[in-house]
Amino acid sequence: MRVRRYSGSARINHWIVAISFVLLLLSGLSLFHPSLFWLAGLFGGGTTVRWLHPWIGVVLVVGFIGLFLRFFAQNLPERTDWVWLARIRHVLKGDDEYLPEVGKYNAGQKFVFWSQSILVIVLFVTGLGLWAPGLAYVEGLFGFKATIDQLRMAALIHAGAAVLAITIWIVHVYAAIWVRGTISAMTRGFVTGGWGWRHHRKWLRKEVGHDERSRVTPAE
2 MRVRRYSGSA RINHWIVAIS FVLLLLSGLS LFHPSLFWLA GLFGGGTTVR WLHPWIGVVL
62 VVGFIGLFLR FFAQNLPERT DWVWLARIRH VLKGDDEYLP EVGKYNAGQK FVFWSQSILV
122 IVLFVTGLGL WAPGLAYVEG LFGFKATIDQ LRMAALIHAG AAVLAITIWI VHVYAAIWVR
182 GTISAMTRGF VTGGWGWRHH RKWLRKEVGH DERSRVTPAE
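Take a look at the structure:
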């Protein structure tokens, strides 16, 4: 039995954000420290990467807005999220029988969603302060002139937020690899009934409907 988990448009949206994030990671690191400047060669050199990095950021923000609108309702906190977190040791051990039934996303996935949502906003706002055209537009729109200290603070916050976003992204990728079948869900759009029963049973019950519940078993 196969169950649809993601539509084609949702998968395209996700991969646009994912690819944009990786490109931002590489281009951002090339601008972060002289020892990493060699990464700029992947984008055609320093001049190109300085021009390209902000525009990739714009693509990421637009794409992330799409993901947010699609999935924010399914990432709202529930009582079972606190139970899931309290039993995190069983999550790490793979003892699913001790975990509560969860919907489309568990507490860990919801943490990734909301933390990255906040960090994307922070990165976008501070990034505007480091991007001459963006800064000029904001200054003209609000009628103010950013000080040197404010721009330095923006650079510091931008770098810190980027480190946090990259760390959470690494955890996200690791979890997707660790939970077998997760990556194929975002590439093919479907999961097996057994995968849904083990990891997102509440979501599976809703998807298959009342008449199909009795046919969904851990072996499927």
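For the sequence shown, the numbering used here begins at 2 and goes up steadily by one. Glycine included, C-beta positions come from ideal geometry on N, C-alpha and C. From a predicted model like this one, the values you see are computed outputs, not experimental measurements.
Is residue j closer than 8 angstroms to residue i when the C-beta atoms are compared?
i: residue 18; j: residue 64; result: yes
i: residue 1; j: residue 27; result: Limits of the chain in this structure are 2 at one end and 221 at the other, which puts residue 1 out of reach.
i: residue 25; j: residue 57; result: yes
i: residue 192; j: residue 59; result: no
i: residue 155; j: residue 130; result: yes
i: residue 166; j: residue 124; result: yes
i: residue 61; j: residue 15; result: no
i: residue 176; j: residue 109; result: yes
Does any residue of chain C bring its CB to less than 8 angstroms from the CB of residue i?
i: residue 128; result: The chain inventory of the structure shown lacks chain C, comprising one protein chain alone.
What are the partner residues of residue i, as DSSP defines its beta bridges?
i: residue 127; result: In DSSP, residue 127 forms no bridge with anything.
i: residue 4; result: 192
Could you check if residue i is buried or exposed, using at least 16 other CB atoms within 10 Å of its CB as the buried criterion?
i: residue 207; result: exposed
i: residue 13; result: exposed
i: residue 94; result: exposed
i: residue 174; result: exposed
i: residue 90; result: exposed
i: residue 48; result: exposed
i: residue 220; result: With a pLDDT of 38 at residue 220, under the threshold of 50, the predicted position of this residue should be treated as unreliable, though the coordinate-derived value follows. The residue in question, residue 220, is exposed, as its Cβ has fewer than 16 Cβ neighbours within 10 Å.
i: residue 21; result: buried
i: residue 217; result: Note on residue 217: pLDDT 47, under 50, position unreliable in the model; no value is reported.
i: residue 141; result: exposed
Tell me whether residue i sits in a helix, a strand or coil according to DSSP, three-state version.
i: residue 193; result: strand
i: residue 56; result: helix
i: residue 107; result: coil
i: residue 140; result: helix
i: residue 148; result: coil
i: residue 29; result: helix
i: residue 134; result: helix
i: residue 34; result: coil
i: residue 199; result: helix
i: residue 208; result: helix
Exercise. Is there contact between the stretch 137-146 and the stretch 99-107, where contact requires at least three CB pairs shorter than 8 angstroms?
Worked result: Judged by Cβ distances under 8 angstroms, the stretch 137-146 makes no contact with the stretch 99-107, as fewer than three pairs qualify.
For this session: Answer yes if the stretch 192-203 comes into contact with the stretch 155-162, meaning at least three C-beta pairs across the two stretches below 8 angstroms, and no otherwise.
Result: Output reads no: the stretch 192-203 does not touch the stretch 155-162.
Problem set entry | Cβ contact (3+ pairs, closer than 8 angstroms) linking the stretch 69-83 and the stretch 170-189 | At 8 angstroms Cβ cutoff, the stretches do not touch.
Exercise. Are the stretch 164-179 and the stretch 114-132 in contact at 8 angstroms, needing three or more beta carbon pairs?
Worked result: Contact between the stretch 164-179 and the stretch 114-132 is present: three or more C-beta pairs spanning the two stretches fall below 8 angstroms.
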